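Each residue of the sequence shown is one higher than the last, beginning at 29 in this note's numbering.
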Amino acid sequence: MSRLVKERVNGPRKLRELLSSREILLAPGAFDALSARLVEFTGFEVVYMTGFGTSAGLLGYPDVGLLTMSEMVDNARRIVDAVNIPVIADADTGYGNPINVIRTVQEYERAGVAGIHIEDQVFPKKCGHISGKEVIPADDMVQKIGAAKDVKSPDFLLIARTDAIAVEGLDSALERAREYYRAGADMIFVEAPENLEQLETIARELKGIPLLFNWAEGGRTPPVSLDTLRRFGFKLVIFPVSTLLSATLAIKSVLEQIRKDGTPMNVMDKLYPFKEFLNFIGLPEVQNLEKRYVTRR
């Protein structure tokens, strides 16, 4: 069936099935519909809508709380419509108090997202790997989680993220994680451990709780092998900005060469072949639909 008239996958249900049937699930980041289609095309079963990448892609600015909830949801909706795999999305702080969180959950669910993570930062928030973060009281975050739990559908994945390591230390982050799980989060995301020892402590102290690991490319957390993450028991791994950073490097390189030469003649071998690209983004599907629905005059 054409993607333009496809039946939308039940993202929340499919994500739950994948989590229950996979030892560890990998979710590369996408910042727009095209990068999401590439994630699916290369064989991944889940795509993650990165807030960092969304801010960079839509605004050309860093992830420092400039995007609104509606802008994030609009991007999530386009990504969901572009793929047939579940989409997990960044929902920042939930965009306000528990009442705001209720609407946030409802809007992301209406967009077809399979799950979201919300964090315990003070708004305006910052990327978890940028300095200068602040966190709200744990009790305030517990209220947000409770509100989200009360209104979400049963399969919708609610991930609670704590940024407390950088602000209050690891012990505080662990205690917050336990509180958030008791409050009703389905999965816990302890952001930005700074070394392997902290990561191992998180896995040990939170054993039995489904855990997300943020493989933040170039961030505060050191690179960790998949075998190590599997051994520590992490259930979900996101790679938020590999697509964004690789695309930026490639575009920059090509533009510099065009600026030097005056034409793209010397970079044609670095470009995705035009006809193949048209096939990838669905031109044959559109042409088939034209044959079916469009009357030629």
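Where is the CB? At the ideal position from N, CA and C, for every residue including glycine.
For clarity, every value in this text was computed on a predicted model and none was experimentally measured.
Task: Buried/exposed call for Thr249, threshold 16 Cβ in 10 Å - done: Here residue 249 corresponds to residue number 221 of the sequence shown, with the count starting at 1. With 16 or more other Cβ atoms within 10 Å, it is buried.
TODO: Go to Met100, then tell me how far its alpha helix (DSSP H) extends in each direction, as first and last residue.
DONE: The residue you call residue 100 lines up with position 72 of the sequence shown. Counting along the chain, the alpha helix (DSSP H) containing Met100 begins and ends at 97 to 110.
Open item on the list: Which residue wins for smallest C-alpha separation from Pro114, given the options Asp91, Ala55, Asp148, Ala220?
Closed with: On the sequence shown, residue 114 is found 86 positions in, with the first residue counted as 1. If we check each option's Cα against that of Pro114, Ala55 comes out closest.
Open item on the list: Mapping the DSSP letters down to three states, classify Glu265 as helix, strand or coil.
Closed with: Counting from one through the sequence shown, the residue named residue 265 turns up at place 237. Checking the displayed sequence, the identity of residue 265 turns out to be Val instead of Glu. Strand.
TODO: Select from Phe241, Gly79, Leu202 the residue whose C-alpha is nearest the C-alpha of Leu234.
DONE: Position 206 of the sequence shown, counted from the start, is the residue given in the question as residue 234. Comparing Cα positions, the closest option is Leu202.
Task: Minimum C-alpha distance to Ala205 - residue among Phe151, Val314, Thr229 - done: Start at 1 with the first residue of the sequence shown, and residue 205 comes out as number 177. The shortest C-alpha separation from Ala205 is found at Thr229.
- [ ] Measure the beta-carbon distance from Leu150 to Ile127 and round it to whole angstroms, keeping in mind my assumption that it falls under 8 Å.
- [x] Numbered from its first residue, the sequence shown carries residue 150 at position 122. Numbered from its first residue, the sequence shown carries residue 127 at position 99. It is worth fixing the name first, because residue 150 is Val in this sequence and not Leu. About 18 Å; that fails the 8 Å criterion.
- [ ] Pick helix, strand or coil for Thr190, following the three-state DSSP scheme.
- [x] As a first step, residue 190 must be located in the sequence shown, where it is residue number 162. The answer is strand: DSSP assigns Thr190 an E or B state.
Open item on the list: Suppose the cutoff is 6 Å on Cβ atoms and the five residues either side in sequence are ignored; what does the same chain contact list for Asp183 look like?
Closed with: Position 155 of the sequence shown holds residue 183. The residues are Pro40, Arg41, Arg44.
- [ ] Assuming Glu219 contacts Ile187 (C-beta within less than 8 Å), just tell me the rounded distance between them.
- [x] For this step, residue 219 is matched to residue 191 along the sequence shown. For this step, residue 187 is matched to residue 159 along the sequence shown. Not confirmed; about 11 Å, so no contact.
Task: Segment limits, beta strand (DSSP E) that includes Phe217 - done: Here residue 217 refers to the residue found at position 189 of the sequence shown. Per DSSP, Phe217 belongs to the beta strand (DSSP E) from 215 to 218.
Task: Which of helix, strand or coil DSSP assigns to Tyr76 - done: For the purposes of this step, residue 76 is identified with residue 48 of the sequence shown, where counting begins at 1. Note: Tyr76 maps to strand in three-state DSSP.
TODO: Identify which residue in Tyr209, Lys161, Asp191 has its Cα closest to the Cα of Lys177.
DONE: Taking the first residue of the sequence shown as position 1, residue 177 is located at position 149. The residue with the shortest Cα to Cα distance from Lys177 is Tyr209.
Open item on the list: Looking at the secondary structure, which residues open and close the beta strand (DSSP E) in which Pro56 lies?
Closed with: As a first step, residue 56 is located in the sequence shown; it is residue number 28 there, counting from the start. Counting along the chain, the beta strand (DSSP E) containing Pro56 begins and ends at 53 to 58.
- [ ] In the DSSP assignment, find the unbroken alpha helix (DSSP H) run with Asp118 in it and report its ends.
- [x] Here residue 118 refers to the residue found at position 90 of the sequence shown. Unbroken run through Asp118 is the beta strand (DSSP E), 115 to 118; no alpha helix (DSSP H).
Task: Length of the line joining the Cα atoms of Leu239 and Lys263 - done: Start at 1 with the first residue of the sequence shown, and residue 239 comes out as number 211. Start at 1 with the first residue of the sequence shown, and residue 263 comes out as number 235. Going by the C-alpha atoms only, they are around 6 Å apart.
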